[in-house]
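Structure first, commentary second.
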Amino acid sequence: MPKTSKVEDKTNKSDKHPERQVLEIRDLHTQFSTHDGVVKAVDGVSFDVIEGKTVGIVGESGCGKSVLARSVLQLIEHPGQIVGGKVLYRDYAEGEEAASQNDILALPSGGSEIRSIRGGHISMIFQEPMSSFSPVHTIGNQMVEALRLHKPISKVEANEQAVDWLHRVGMPNPSERIRAYPHELSGGQLQRAMIALALSTNPSVLIADEPTTGLDVTTQAQILELLGSLQEEQGMAMMFITHDLGVIAEIADDVLVMYLGRVVEEASVTQLFQSPQHPYTKALFTSMPGTGEIEDNRLPTIKGSVPEPHSRPAGCFFHPRCDSFMSGTCDIAEPELLAVNGQQKASCFLYSEGE
Amino acid sequence: MTSESVPITQSPDPNDMDDDVLNVVGLKKYFPVTRGFIRRHTSMVRAVDGLTFSIKSGETLGIVGESGCGKTTASRCIVRSLEPTEGQIWFRTAAGDVVDLAKLSQSQMRPFRRDIQFIFQDPYTSLNPRMTIFEIIAEPLVVNNVGNRREQEDRVSSLLRRVGLAPEYMKRYPHAFSGGQRQRIGIARALALNPRLIVADEPVSALDVSVQAQVLNLMADLQSDLGIAYVFVAHDLRVVRHICHRVVVMYVGRVAEIGNPDDLFRAPKHPYTEALISSLPAIEPSKRKRGTMSLSGEVPNPANPPSGCFFHPRCPYAVEKCRVEAPEVREIEPGRFTSCHRTEELELVGSDD
Ligand SMILES: Nc1ncnc2c1ncn2[C@@H]1O[C@H](COP(=O)(O)OP(=O)(O)OP(=O)(O)O)[C@@H](O)[C@H]1O
Ligand SMILES: Nc1ncnc2c1ncn2[C@@H]1O[C@H](COP(=O)(O)OP(=O)(O)O)[C@@H](O)[C@H]1O
Ligand code: SF4
Ligand code: SF4
Ligand SMILES: [Mg+2]
Ligand SMILES: [Mg+2]
């Protein structure tokens, strides 16, 4: 299919402000000590999350997407540990320029500050909605409790707001459904309830970890539509994790491609789809059903599989699977993430000869 | 209920099966449900409610539809891990005999079990964690008394090689393998007895795209080398389009549409197929679909389906007739079936991607 040049850019959102960073993630390192060795699940990741925009994070299973998302909220448990980096959060609600910048990772864990950020300023939704809800309380009770934790309002007010939120996320019969227990809802309804719970505190950032993976395409389309329109209304920023490039095409403004704990490519969604630069990104595109050339009834694949995380290859981590592998360069030095095409960055020696 | 399921033009006469390996006619599976605390009232979940389709040997038939449409129930009836409530499942054996599997008792079914194998959706829970890979793959051989231990080991090595795994893996346990590798192990096991038909319930839905492509290629290779027919259940229409020769679109236990995948994709003849296609995520950002979403609502509960056409509460084209009269499955072109009152008047939109 020809890539048209008269692409009408549907991805630009009307900018009311110049771009304002809500989160600046800098050189984040998170690792797990396992009996096989140390797993550097997130290994020096930096990026910005911009108000009103969506940064998509894509990569194969095990490349560190979820650990990255959880690290941002200090949600890493033993045997994991955040061993380096900063997550700078800026709260513009406190007033324009005066907005103070806080390093979330420097906040005492379990303290009141981190708890008011989690689920208040920064909310998270997951693939498995049951991980957001307790099975023994009604959806409504849990929403009311979350609302009152973050806002000084009465039970009655909280209840009204909860019904209102269920209504906004398209829950059928919200004033009745609010009394339902999680198991009484269908997968799609539960996902909506989780989104209502996450957004009811008006967060400035929503972290979504594969919220539509495993859902029907129809439900997925409904949820993406809902998140897109809520983002337009609320102006929140989104960090959207998925392994599906189609979902990225639907929802992201900017994209990070991850491989074995590192960002290998960073680009605007339009750049990424028009001219992917990193061989791994290109390979991901061709193995997406419905895009690559099909010969002999065979889909293009990436050769081999993702290596064991505790024994990453020397040099470029992708070199054993790469079709552009250059012996003597790629297996010796580690490529850096550098600008290759305007704002677009890739970490590959095809664009920066190794020394 | 006006909806008697419709015998499609295919005759259930076994002599008419041509080169079909499987011919399913009017398959129904109802589950009894007991509801209410005070009045214990029994009703029926019509999980599969009159399915008719056929598969030629060496071909792949796709079954698609949203979750809860009856895909798993239908595939489990075919392998007889569920007892069909009604209908016929004509199967052609290697010797050329045609038998109705639906009529067989579990013990009469035994000789045919070798010919028809099942692959599960979830590679993480479908393999017994306490069995070695050898025990898992050899189990069908052991159960059917095929070969001695040495012969079984040889067979397992060659099966492992066949699915792209090293024979040394035989001694390991499932936890040591990734999702894609486990699905290969499941396939090796299904191949152990040289089946003629493999029923695969969403075999790649839980896998990454790159791994998914590897498993799909393996299945395609096995088909061209061994002539195995597949029933391939999926919810990803793009995957189905790539690997299937024919596709059945199911809605609440019934056929919405049957056709070859390219025709279905480019020019759907049933509003439900159109809706499934329009819900697929874009393949590039300039083709974003946000704001054009057409399908709202959810799959109805098959214990209490809507009147008339089951799709009418969600169908943008529904008219009064749809609310009162259940549409029959009709063959509108050779090999193309649809169950919509309005197929001829509607100009449904497909996709080129
Ligand atoms: N609790 C843990 N103990 C040990 N290793 C872990 C733990 N949690 C994650 N890891 C490792 O960290 C790496 C990144 O895992 P992560 O869950 O972030 O991947 P992901 O990109 O989200 O994958 P998926 O697409 O499967 O969700 C993997 O190698 C994983 O095995
Ligand atoms: N054992 C059972 N008892 C009662 N209802 C069932 C049973 N198995 C499946 N169903 C119902 O039958 C319908 C079809 O289910 P299923 O075949 O699993 O659909 P799919 O595989 O298309 O998602 C669903 O409404 C499901 O809840
Ligand atoms: S650095 Fe070398 S091995 Fe790595 S992606 Fe680039 S070309 Fe391939
Ligand atoms: S019969 Fe009516 S309700 Fe059913 S799919 Fe056709 S137009 Fe829609
Ligand atoms: Mg994850
Ligand atoms: Mg199923």
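Chains as they are written, first to last, in my numbering: chain A, 1 to 355; chain B, 1001 to 1353. Just so it is clear, CB atoms sit at the ideal spot from N, CA and C, and this is done for glycine as well.
7 Å Cβ cutoff met for residue i and residue j
i: Ala208(A); j: Ile332(A); result: no
i: Arg168(A); j: Lys86(A); result: no
i: Lys1056(B); j: Asp1100(B); result: no
i: Thr281(A); j: Pro300(A); result: no
i: Asn102(A); j: Tyr92(A); result: no
i: Val163(A); j: Ile139(A); result: no
i: Asp1208(B); j: Val1233(B); result: no
i: Leu1197(B); j: Ile1116(B); result: yes
i: Ala1229(B); j: Val1048(B); result: no
i: Thr238(A); j: Thr54(A); result: Here residue 238(A) turns out to be Met, not Thr, going by the sequence shown. Yes.
i: Val340(A); j: Gln277(A); result: yes
i: His29(A); j: Val83(A); result: yes
i: Val1215(B); j: Ser1075(B); result: no
i: Ile1187(B); j: Val1156(B); result: no
i: Pro1271(B); j: Cys1322(B); result: no
i: Gln127(A); j: Glu210(A); result: yes
i: Phe32(A); j: Gly62(A); result: no
i: Ile1133(B); j: Tyr1169(B); result: yes
i: Val269(A); j: Ala252(A); result: yes
i: Val1252(B); j: Gly1062(B); result: no
i: Arg1184(B); j: Leu1165(B); result: yes
i: Leu1218(B); j: Pro1140(B); result: no
Simplified DSSP assignment, three categories, for residue i
i: Tyr1169(B); result: helix
i: Leu230(A); result: helix
i: Met1131(B); result: coil
i: His29(A); result: strand
i: Pro1140(B); result: helix
i: Tyr1124(B); result: coil
i: Asp254(A); result: strand
i: Asn1260(B); result: coil
i: Phe1177(B); result: coil
i: Thr34(A); result: strand
i: Lys1269(B); result: coil
i: Leu1346(B); result: coil
i: Ser109(A); result: coil
i: Leu1101(B); result: helix
i: Asp1018(B); result: coil
i: Met1001(B); result: Low local confidence applies: a pLDDT of 36 at Met1001(B) is under 50, so the model's placement there is unreliable, with the coordinate-based value given in what follows. Coil at Met1001(B), not helix or strand.
i: Ile1119(B); result: strand
i: Thr218(A); result: helix
i: Gln74(A); result: coil
i: Glu8(A); result: Caution is warranted here: a pLDDT of 45 is assigned to Glu8(A), below 50, making its placement in the model unreliable, and the coordinate value is therefore given only provisionally. Coil.
i: Ala1192(B); result: coil
i: Ser1043(B); result: strand
i: Met238(A); result: strand
i: Asp1353(B); result: coil
i: Ile1228(B); result: coil
i: Glu1202(B); result: coil
i: Asn1217(B); result: helix
Residue i CB to nearest heavy atom of ligand 7 below 6 Å
i: Ser66(A); result: For the structure depicted, ligand 7 is absent and the ligand set comprises only ligand 1, ligand 2, ligand 3, ligand 4, ligand 5 and ligand 6.
inquiry  = Can you pull out the residues from the region 1275-1290 of chain B whose beta carbon lies closer than 7 Å to at least one beta carbon of chain A?
reply    = Ala1275, Leu1276, Ser1279, Leu1280, Pro1281, Ala1282, Ile1283, Glu1284, Pro1285, Ser1286, Arg1288, Lys1289, Arg1290
query = Can you list every residue whose CB sits closer than 7 Å to some heavy atom of ligand 6, going in chain order?
reply = Ser1067(B), Lys1071(B), Thr1072(B), Gln1121(B), Asp1201(B), Glu1202(B), Val1233(B)
For review: beta carbons within less than 5 Å of any heavy atom in ligand 4 = Pro1271(B), Cys1309(B), Phe1311(B), His1312(B), Cys1315(B), Tyr1317(B), Ala1318(B), Cys1322(B), Pro1327(B), Cys1340(B), His1341(B), Arg1342(B)
ask   = Among all residues, which have a Cβ less than 7 Å from at least one non-hydrogen atom of ligand 3, and in what chain order do they fall?
value = His278(A), Pro279(A), Tyr280(A), Cys316(A), Phe318(A), His319(A), Cys322(A), Ser324(A), Phe325(A), Met326(A), Thr329(A), Cys330(A), Pro335(A), Cys348(A), Phe349(A), Leu350(A)
inquiry  = In chain order, what are the residue ranges of uninterrupted alpha helix (DSSP H) at least 4 long that sit wholly in the region 124-192 of chain A?
reply    = 139-150, 155-168, 174-177
request  = Residues of the region 249-279 of chain A with a CB closer than 7 Å to any CB of chain B: list them in chain order, please.
outcome  = Ala249, Glu250, Val269, Thr270, Phe273
ask   = At a Cβ cut of 9 Å, what residues of the region 1176-1203 of chain B count as close to chain A, listed as they run along the chain?
value = Ser1178, Gly1179, Gly1180, Gln1181
request  = Pick out the complete beta strand (DSSP E) segments inside the region 268-348 of chain A, 3 residues or longer, and give them in chain order.
outcome  = 338-341, 344-346
request  = Please name the residues in the region 113-136 of chain A whose beta-carbon is closer than 7 Å to at least one beta-carbon of chain B, in chain order.
outcome  = none
task = Within the region 1276-1341 of chain B, note down every full beta strand (DSSP E) run reaching 3 residues or more, in order along the chain.
result = 1330-1333, 1336-1338
task = Could you list the residues in the region 301-320 of chain A with a C-beta less than 7 Å from some C-beta on chain B, going in chain order?
result = Thr301, Ile302, Ser305
inquiry  = Tell me which residues of the region 1053-1070 of chain B have at least one Cβ-Cβ distance to chain A shorter than 7 Å, keeping chain order.
reply    = Glu1066, Ser1067
inquiry  = Please give me, in chain order, every unbroken run of the beta strand (DSSP E) with length at least 3 that falls completely inside the region 1055-1095 of chain B.
reply    = 1060-1064, 1086-1092
request  = Give, in chain order, every residue of the region 1244-1264 of chain B whose Cβ lies closer than 9 Å to some Cβ of chain A.
outcome  = none
ask   = Between the region 74-92 of chain A and chain B, which residues of the former have a C-beta closer than 8 Å to a C-beta of the latter?
value = none
request  = Residues of the region 182-198 of chain A with a CB closer than 8 Å to any CB of chain B: list them in chain order, please.
outcome  = Ser186, Gly187, Gly188, Gln189
Residues from the region 1298-1316 of chain B in contact with chain A, defined by Cβ distance under 7 Å = Glu1298
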